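A short write-up of the structure that comes next.
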Amino acid sequence: MSGRRGVILDSMLDLLRNAIPGNIIEATFTKEFTHVEVANASDSLENIIYKKSILKKSGVNFMGLLCFSILFGCALATLGDKGEALHQTIEQLNAVVMKIMHYFLKLLPLGMFFWMFREGLESAAPMQLLEYMGVFLGTAFGCIAFHQFILLPLLYLAIVRKNPIPYHINLLPAILTAFGTASSAATLPATVRCAEESNKLNRCVTRFVLPLGMVVHMNGGTFYIPLSAVFLAQLEGISLGMPETLVICVTAVLLFIAAPATASGGNPVYLLTVLAAAGINKPQFISLFLSMEWLMERFRTVMNVVADSYVAAFVEKICAKRLPLDYDDIEYANPVLDGYNPSPIVVKDAPSQPPSSNVNICRCCGSRIEVA
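Per UniProt numbering, the sequence shown runs over residues 1 to 372.
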């Protein structure tokens, strides 16, 4: 009896062990797992002794690569000008890869037609397959409706303590823009306008939370990709336990932290990546999900935009006592702009400089500083 599935604790340790790979090059083609086998033979289950060992199997260690990439990016950001050359190189490489992806995306409709035509001919029960896809779409739309019309309004009611219905209705222009463009970045101006003009949110909050949420708050993808991966595994006849499900969820979250806020921002690639992380390397029915991508990405974008708007309302409520009334109040609080003319501060023995005037204005408090 070998190959027994490890307990949940072993799976968690495998996840942490793969998150910190010993060799980043080796992580591109191998990953570690806990192998459990029976060390003795006994008729009683209580007397069976299991032997655990850490083995390696072929496959990309996406968890380790993602964690290393995040750490590498944070370290690169702290270098400032010293890391600008490497940063530009990575940006150019990313632009080249995205350009290649767009070339393939232009051929996607034609390829999808023949791919699905072949799957329909090879399938023994095409009507049953369509029934399964109907169940999947019903589940997906049910989760979207729960998130949009139950979870977020309840959080708004609990945190902001106001009626969420008018707030949600005021987001309708942003929702329609998100559904039409399938891009959070293209919808950002409409989202900001709805938040500031319709829902009267503080601009100090909207100008910070909404652009940040557009980049890192991709709850639409983090919901849809694991759902698709689990359903696709069921179609393939693959049983997913707690370890594989946990890997799928964590990998999806890490992937969508840096997902581009554009239409078709790598979601098919992310789905294949999550499947590979769970050990599903050659999914047979992936074409069915790709054929629905044009529709589902629009609903995912709506989820992202609406959730960002609600988060902005939550932040404003929590930080209400620390926020100025608006941007205008920040400007008028500046004593220079407000006409305040304090007495000059004379600095003795200050080094002489060749500016056009020997009077400088302090940017912090607005005081005039004269060089003696």
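The C-beta atom is built at its ideal place from N, Cα and C for all residues, glycine as well. None of these values were measured; they are calculated from a predicted model.
- With a contact defined as Cβ atoms closer than 8 angstroms, residue 177 and residue 195 miss out at about 13 angstroms.
- With respect to the 7 angstroms criterion, residue 206 and residue 307 are not classified as neighbours on the basis of their beta carbons.
- Three or more beta-carbon pairs separated by less than 8 angstroms are not found between the region 140–154 and the region 241–254, which leaves the two stretches without contact.
- Under the rule that a run must span 4 or more residues, the alpha helix (DSSP H) segments found entirely inside the region 180–223 read 184–193 and 203–216.
- For the region 266–325, the full-length alpha helix (DSSP H) segments reaching 4 residues or more read 267–277, 286–291 and 293–318 along the chain.
- Across the structure, residue 115 and residue 225 are spaced so that their CA atoms are roughly 21 angstroms apart.
- Across the structure, residue 98 and residue 222 are spaced so that their CA atoms are roughly 21 angstroms apart.
- Every alpha helix (DSSP H) of 4 residues or more that sits fully in the region 13–85 is shown, in chain order, as 62–78.
- For residue 236, the three-state secondary structure derived from DSSP is coil.
- Our two residues, residue 161 and residue 314, have alpha carbons roughly 10 angstroms apart in a direct line.
- Around the beta carbon of residue 141, a 10 Å sphere encloses fewer than 16 other beta carbons of the protein chains shown; the residue is thus reported as exposed.
- With fewer than 16 neighbouring CB atoms inside 10 Å of its own CB, residue 54 falls in the exposed class.
- The three-state reading of DSSP puts residue 96 in helix, counting H, G and I together.
- Counting every other CB atom within 10 Å of its CB across the protein chains shown gives residue 297 a total of 16 or more, marking it as buried.
- A distance below 7 angstroms separates the beta carbons of residue 61 and residue 31.
- Fewer than three beta-carbon pairs drawn from the region 269–280 and the region 212–219 are found closer than 8 angstroms, and the two stretches are therefore not classed as touching.
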